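The next block holds one structure in the form of structure tokens; read it before the comments.
There are 2 protein chains.
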Amino acid sequence: MFYTIGEMAKKLGVAASTLRYYDKEGLLPFVERSESGIRMFNDSDYEFLKIIECLKHTGMQLKDIKKFIYLVMEGDKSIDDRLLLFKKRKEEVEKQIEKLQNTLDVVNFKCWYYETAKKAGTTAVPDNMKDEELPEELRKIRTQLKNE
Amino acid sequence: MFYTIGEMAKKLGVAASTLRYYDKEGLLPFVERSESGIRMFNDSDYEFLKIIECLKHTGMQLKDIKKFIYLVMEGDKSIDDRLLLFKKRKEEVEKQIEKLQNTLDVVNFKCWYYETAKKAGTTAVPDNMKDEELPEELRKIRTQLKNE
DNA sequence: GTAGTAGTTAAAGTTAACTTTAAGTCAATA
DNA sequence: TATTGACTTAAAGTTAACTTTAACTACTAC
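Protein chains in written order, with the numbering used here: chain A, 3 to 150; chain B, 3 to 150.
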């Protein structure tokens with residue numbers, strides 16, 4: 003079963019021009035063409051594209067994803083490299099989640115801050131609260147925001 | 003206590019040119035200047051910059067962060083708007099964490115895939131494994147990657 | 001056979017967030 | 001007084017990842 007670029011783009015939820023751009027950049031060396039030059043995507047191409055999408059979500063750049071594609075093209079002799087690559091991505095994503103969790107902590111502090119300000123009608127109230135007056139889990143955050 | 007742009011940049015771990023850029027874009031209307039035109043940052047400016055940093059980490063664009071800065075400048079009458087803004091950022095960050103968690107699931111599948119391929123010396127082994135042969139938590143992921 | 005829709009390329013344009021450069025000012029030290 | 005180093009601005013340059021445009025070709029329906 004083959005798909006045109008438009009069909010595959012729809013299946014993936016991206017623009018067809020994005021797939022053409024990826025192809026131009028050398029990320030899709032596996033895509034076949036019809037006699038008249040039209041791209042013919044198949045199901046294994048879909049799987050490839052899903053992995054490209056996944057790697058992109060881990061924060062990898064297209065030029066590095068391209069290198070991975072070429073590792074796959076090399077076959078079984080690049081298995082070790084590919085395993086290492088995914089282990090690296092795992093670490094990266096875990097770091098990103100941790101960073102977002104810290105960001106969320108600050109956002110939650112600010113939500114509390116403005117809830118408190120809203121009730122009082124002024125930000126002076128949360129601003130002037132002593133450390134003991136604020137929820138325990140928020141104290142560290144406020145200190146971080148003020149100090150070094 | 004005042005800081006020059008270089009000192010504040012160092013304190014924040016960014017380039018001084020970045021702070022100048024933010025200023026040019028109107029994100030730092032609160033920064034004072036000396037008679038000779040040199041920026042003088044103080045501790046409350048640091049707090050502002052930490053919040054700008056936080057909002058940036060939530061995925062907000064500078065032009066939208068600028069709007070927030072102007073809400074702060076308006077004083078207590080914009081408390082409700084600011085609360086709403088942070089509630090929105092909270093939702094956004096939670097969504098991003100969820101997305102990264104899904105990405106991590108795929109990466110973990112790929113780690114297992116290449117560990118298995120490494121042991122066998124070929125990707126044919128994990129490729130040809132029946133659903134029942136792979137760890138339960140990975141089955142859904144493989145199906146997702148292959149199908150729609 | 002013609003209209004319409006989807007495919008093709010190459011090349012130029014877009015956007016965000018910086019970064020660099022050039023030319024100059026200012027304050028402190030040798 | 002001269003040098004040094006950090007500050008200033010405006011403007012141009014950079015980068016990644018697309019997106020758009022123009023000019024063309026190919027398949028499908030009527």
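The C-beta atom is built at its ideal place from N, Cα and C for all residues, glycine as well.
Being a predicted model, the structure only gives us computed values, none of them experimental.
- In the three-state reduction of the DSSP assignment, residue 42/A falls in the strand class.
- Between the region 133 to 144 of chain A and the region 32 to 45 of chain B there are fewer than three inter-stretch CB-CB distances shorter than 8 Å, so the stretches are not counted as touching.
- A distance below 8 Å between beta-carbons, with the five flanking residues on each side excluded, links residue 67/A to the following residues of its chain, in chain order: 29, 54, 57 and 58.
- In this structure, residue 60/A keeps its C-beta atom at 8 Å or more from the C-beta atom of residue 84/A.
- Not one beta carbon of chain B lies nearer than 8 Å to the beta carbon of residue 20/A.
- Beta bridge pairing from DSSP links residue 5/B with 43/B.
- When the beta-carbon positions are compared, residue 51/A and residue 14/A come within less than 8 Å of each other.
- Below 8 Å, enough C-beta pairs join the region 95 to 110 of chain B and the region 94 to 108 of chain A to call them touching: three or more.
- Around the beta-carbon of residue 45/A, fewer than 16 other beta-carbon atoms lie within 10 Å, marking it exposed.
- Boundaries of the alpha helix (DSSP H) around residue 138/B: 138 to 148.
- Residue 82/A is not a Cβ neighbour of residue 123/B, given a cutoff of 8 Å.
- The three-state secondary structure of residue 34/A, taken from DSSP, is strand.
- Restricted to the region 58 to 107 of chain B, the alpha helix (DSSP H) segments that are unbroken, complete and at least 4 residues in length are 64 to 76, listed in chain order.
- It is roughly 25 Å from the alpha-carbon of residue 48/B to the alpha-carbon of residue 94/B.
- Contact note: residue 98/B reaches chain A through 102, using a C-beta cutoff of 8 Å and chain order.
- Interface annotation, residue 64/A: not in contact with chain B, CB-CB separation never under 8 Å.
- The beta carbon of residue 115/B lies closer than 8 Å to those of 125 and 128 in the same chain, with the five residues before and after it left out.
- Inclusion of residue 21/A and residue 3/A in the CB contact set at 8 Å is not warranted, their separation being larger than that value.
- From the listed residues 118/A, 111/A and 26/A, the smallest Cα separation to residue 145/A is found for 111/A.
- Residues of chain A whose Cβ lies closer than 7 Å to the Cβ of residue 125/B are, in chain order, 78 and 81.
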